[in-house]
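Comments concern the structure below.
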Amino acid sequence: MASRRVLKAAEAIREVVSMAILTELRDPRIKDVTVTYVEVTGDMRQAKIHVSVMGDEKKQDLCLHGLENSRGFLQKKINERIDTRYTPRLRFELDQGVKHSIEVNRILREVLPGGPADAEEASEREPDDPSRQADNGTA
291 MASRRVLKAA EAIREVVSMA ILTELRDPRI KDVTVTYVEV TGDMRQAKIH
341 VSVMGDEKKQ DLCLHGLENS RGFLQKKINE RIDTRYTPRL RFELDQGVKH
391 SIEVNRILRE VLPGGPADAE EASEREPDDP SRQADNGTA
């Protein structure tokens, strides 16, 4: 378990990097980026920044290269905000969690009853009957 100091530093780094990406970076490759979470080593020398990028793989790769090129600027911003002996060396990684959750949600909608396909079939089989709606408590 990470110490409280490391967790606070990780959250501060996430805030600084997120705001810098949103307001200060002017690289056209860096668009539609969300910093999902940050992992910091116990000695505070390295930080792994997990980002989610909306778009295809080409756009994600371009964005990661843009972030790598902006690493020095972002480390400077972190140094200005966090008072530590060492400024963590940043490493960016693509967070696939959002992509996986969207894919799982899509699969569940297709498989589970009551999904979009089942709703269309039900509406075709059973015409709207006002007396049925009254029985369900809806009018």
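Position one of the sequence shown corresponds to residue 291 (this note's numbering), numbered consecutively onward.
Even glycine gets a Cβ: it sits at the ideal position worked out from N, Cα and C.
Remember, it's a predicted structure, so these values are computed and weren't measured experimentally.
- Shown here, Thr377 sits in coil according to DSSP, grouped into three states, outside any helix or strand.
- Ala337: member of the beta strand (DSSP E) spanning Gln336 to Val343, first to last residue.
- Cβ-Cβ separation between Val341 and Phe382: approximately 6 Å, consistent with a contact (criterion under 8 Å).
- Around the Cβ of Val328, a 10 Å sphere holds 16 or more other Cβ atoms; the residue is buried.
- DSSP links Phe382 through a beta bridge to Ile339.
- Of all C-beta pairs linking the region 355-371 to the region 308-316, three or more are shorter than 8 Å, placing the two stretches in contact.
- Residue burial annotation: Leu357 is buried, with at least 16 other C-beta atoms found within 10 angstroms of its C-beta.
- Going by C-alpha positions, Ala302 is about 10 Å away from Val296.
- Annotation for Tyr376: Asp333, Met334 and Arg335 place their beta carbon closer than 8 Å to its own, counting only its chain and skipping 5 residues before and after.
- Per the coordinates, the alpha-carbon of Lys321 lies some 29 Å from the alpha-carbon of Asp373.
- For the options Val401, Asn359, Val307 and Leu398, the alpha carbon positioned closest to that of Ile339 is the one of Val307.
- The shortest CA-to-CA distance from Leu384 to any of Leu398, Leu402, Lys348 and Glu400 is the one to Lys348.
- Inclusion of Leu380 and Ala310 in the CB contact set at 8 Å is not warranted, their separation being larger than that value.
- Assigned with DSSP and collapsed to three states, Thr326 falls in strand.
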